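I have placed the structure first, in the form of structure tokens, so that the comments after it can refer back to it.
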Amino acid sequence: KMDEVRHLDWGKCDWFHPKPSVMRKVYQGSSHYTISMGVIQPGHVPGPHKHDYEQSVVILKGKCDFHVDDKVYTFDADLDKDGGLCFMTIPAGAMHWIENPYDKPVYNMDIFFPKRTADREESVEVR
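Heads up: the sequence shown begins at 1 in UniProt numbering, then just goes up one per residue.
See the structure below:
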């Protein structure tokens, strides 16, 4: 149960750079889930990974290939065109990764349930 309203303006937060080809901002405002926004640069191919929590993915803008277990899902989203978002839910324990072999950045949002804290420090408003 939440006992207070929490808010964070990502426009006032600096980007965190976990890798040269990835930028990220994180919101830890709930005790139940984590929200992370990322920008994946062209050419980015991280290693396959899995974790013990469910991950919902929203591709906001750009084209990417999302690998889950033995399948590849190609998304091409543009929020500015009729709300053209792409969604995916990845079960806990599924091997997955995002790849951007295309020529423009991909903007995505991840929602992790239950909360992911080990490598997702909350962004801080600095402006």
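Virtual Cβ for every residue (Gly too), placed ideally from N, Cα, C. These figures come from a predicted structure and were not determined experimentally.
Which two residues bound the contiguous beta strand (DSSP E) that contains Gly62? Looking up residue 62 in the sequence shown gives position 62. Unbroken beta strand (DSSP E) run through Gly62: 54-68.
Which of the three DSSP states is assigned to Gly43 in this structure? The residue you call residue 43 lines up with position 43 of the sequence shown. Three-state DSSP puts Gly43 in coil, outside helix and strand.
Quick check on the burial criterion: 16 or more other C-beta atoms within 10 angstroms. Buried or exposed for Phe112? Here the question's residue 112 lines up with position 112 in the sequence shown. Buried is the call here.
Consult DSSP for Gly83 and reduce its assignment to one of helix, strand or coil. Indexing the sequence shown from 1 puts residue 83 at position 83. Looking at Gly83 - three-state DSSP - the assignment turns out to be coil, as it is neither helix nor strand.
Three-state secondary structure (DSSP) at Gly29? Taking the sequence shown and counting its residues from 1, one reaches residue 29 at position 29. When secondary structure is reduced to three states using DSSP, Gly29 falls in the coil class, being assigned neither helix nor strand.
So residue 136 packs on Lys63, CB below 8 angstroms; how close in whole Å? Since the first residue shown for the chain is 1 and the last is 127, residue 136 is missing from the structure and cannot be characterised.
Which term fits Ser36, buried or exposed, when burial requires 16 or more other beta carbons within 10 angstroms of its beta carbon? For the purposes of this step, residue 36 is taken as the residue at position 36 of the sequence shown. Per the 10 Å Cβ criterion, buried.
Exposure of Lys12, with buried meaning 16 or more beta-carbon neighbours within 10 Å: Residue numbering aside, residue 12 sits at position 12 when the sequence shown is read from its first letter. Lys12 comes out exposed.
Whose C-alpha, out of Ser31, Glu4, His17, is nearest the C-alpha of Lys25? Counting from 1 along the sequence shown, the entry for residue 25 is found at position 25. Considering only alpha carbons, the answer is His17.
Output needed for Pro91: all residues of its chain with C-beta closer than 7 angstroms, excluding positions within five of it in sequence on either side, in chain order. Translated into positions along the sequence shown, residue 91 becomes position 91. In chain order, Glu54 place their CB closer than 7 angstroms to the CB of Pro91, counting only its own chain and leaving out the 5 sequence neighbours on each side.
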